[in-house]
Amino acid sequence: MRLSILASGSKGNAIFMEMDGTRLLLDVGIGLRRLKQGLAALGMTLEALDGVFLTHEHRDHVAGLAALLREVPLPVYSRPGTIAALPGRDLLPPQCLHPFRGNMAIGGVKVEPFPLSHDAAEPVGYRVRGSRTCTVATDLGFVTGAVQDAIEDADVLILEANHDTATLKQGGYPWPLKQRILSSRGHLSNLDAAWALARMKRRPAQVFLAHLSEENNRPELAEETVRDILGRQGVPLSGLTIALARQREPVSFGESG
Ligand SMILES: [Zn+2]
Ligand SMILES: [Zn+2]
Numbered sequence: 002m003r004l005s006i007l008a009s010g011s012k013g014n015a016i017f018m019e020m021d022g023t024r025l026l027l028d029v030g031i032g033l034r035r036l037k038q039g040l041a042a043l044g045m046t047l048e049a050l051d052g053v054f055l056t057h058e059h060r061d062h063v064a065g066l067a068a069l070l071r072e073v074p075l076p077v078y079s080r081p082g083t084i085a086a087l088p089g090r091d092l093l094p095p096q097c098l099h100p101f102r103g104n105m106a107i108g109g110v111k112v113e114p115f116p117l118s119h120d121a122a123e124p125v126g127y128r129v130r131g132s133r134t135c136t137v138a139t140d141l142g143f144v145t146g147a148v149q150d151a152i153e154d155a156d157v158l159i160l161e162a163n164h165d166t167a168t169l170k171q172g173g174y175p176w177p178l179k180q181r182i183l184s185s186r187g188h189l190s191n192l193d194a195a196w197a198l199a200r201m202k203r204r205p206a207q208v209f210l211a212h213l214s215e216e217n218n219r220p221e222l223a224e225e226t227v228r229d230i231l232g233r234q235g236v237p238l239s240g241l242t243i244a245l246a247r248q249r250e251p252v253s254f255g256e257s258g
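All the letters of the sequence shown, read from the start, carry residue numbers 2 to 258 under the working numbering.
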């Protein structure tokens, strides 16, 4: 499998994933030009995609959807609540929109959504299973039992580490926004991400910390917090690679076979 996190954070999100010959895009929160550039760097085109899966309808996850569908009418899959709540839904080509419940087999892989606690209509994370398992969990206020189960058997895990709680509290955001981020339907802190990893019975080989706030976090701080908690819990860090997804440039992962 290979993976490229084309963008991650409150200004736009998109992930390209290729597994067992199936090519998926998870979220389209960036413009068409950046999307094409990111794919071109992988030797990939929009036409080569098998489908688009949306996590939820927030703008940073769907802002580029209309432009993408105007260019290539790809099938778009998500929970019915998300499809219904898409901004500008009436202007999107209806034949492209595929609300679904349960899991979905597409090409050689199985896509399994799992519910997230977040202030959107019907937000989900995705577990993609093929010869490997890759799980994406961003935009969640806390790690529910369902989330902890869903991340458990990932080979590659993309997990939100949105903010450092102290930095957020001391920072310049208005109080209602701080409250929203800190709430159980907001975003995951560095510490929450660290504990989710610490609690896993089998940890992935590769973790990407994602959806980092540019105002209330620093990449080094997110990574330090995770390493510190895992270290204190006696988790061996040798088999675990921790990387950071970025807002402004793609971060890739690939393995042959
Ligand atoms: Zn988001
Ligand atoms: Zn969101």
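Ideal Cβ positions, reconstructed from N, Cα and C, are used throughout, including at glycine.
Being a predicted model, the structure only gives us computed values, none of them experimental.
>> Looking at residue 203: is its Cβ nearer than 8 Å to the Cβ of residue 150?
In response: no
>> When you compare the stretch 49–68 with the stretch 79–90, are there three or more beta-carbon pairs, one atom per stretch, that lie closer than 8 Å?
In response: yes
> Alpha carbon to alpha carbon, what distance is there between residue 141 and residue 2?
Replying inline: 26 Å
> Residue ranges of each beta strand (DSSP E) run of no fewer than 3 residues wholly in the stretch 190–235, ordered along the chain?
Replying inline: 207–211
> For residue 170, does the three-state DSSP call read helix, strand or coil?
Replying inline: helix
>> Using only CA atoms, which one of 136, 170, 99, 147 lies nearest to residue 52?
In response: 99
> Near ligand 1, which residues have their beta-carbon closer than 7 Å to a heavy atom?
Replying inline: 11, 14, 59, 61, 62, 139, 140, 212
>> Can you check whether the C-beta of residue 100 is within less than 8 Å of a C-beta belonging to chain C?
In response: Within the model displayed, chain C is absent; a lone protein chain is all it includes.
>> Quick check on residue 48: does DSSP put it in helix, strand or coil?
In response: helix
> Which term fits residue 198, buried or exposed, when burial requires 16 or more other beta carbons within 10 angstroms of its beta carbon?
Replying inline: By the 10 Å Cβ count, residue 198 comes out buried.
> Does the pairing of the stretch 24–35 with the stretch 63–77 give three or more beta-carbon distances under 8 Å?
Replying inline: yes
> Can you name, in chain order, every residue of its own chain whose Cβ lies under 8 Å from the Cβ of residue 234, other than the five neighbours on each side?
Replying inline: 199
> Which class does residue 161 belong to by DSSP, given the choice of helix, strand or coil?
Replying inline: strand
>> Pairs of beta-carbons, one from the stretch 180–193 and one from the stretch 105–121, closer than 8 Å: are there three or more?
In response: yes
>> Bridge partners for residue 54 per DSSP, in chain order?
In response: 27, 78
> Alpha carbon to alpha carbon, what distance is there between residue 194 and residue 213?
Replying inline: 11 Å
> Is it the case that the Cβ atoms of residue 232 and residue 206 are separated by a distance below 8 Å?
Replying inline: no
>> Below 8 Å on the Cβ atoms is my contact criterion, and I expect residue 31 with residue 8 to pass it. Report the Cβ-Cβ distance as a whole number of Å.
In response: 5 Å
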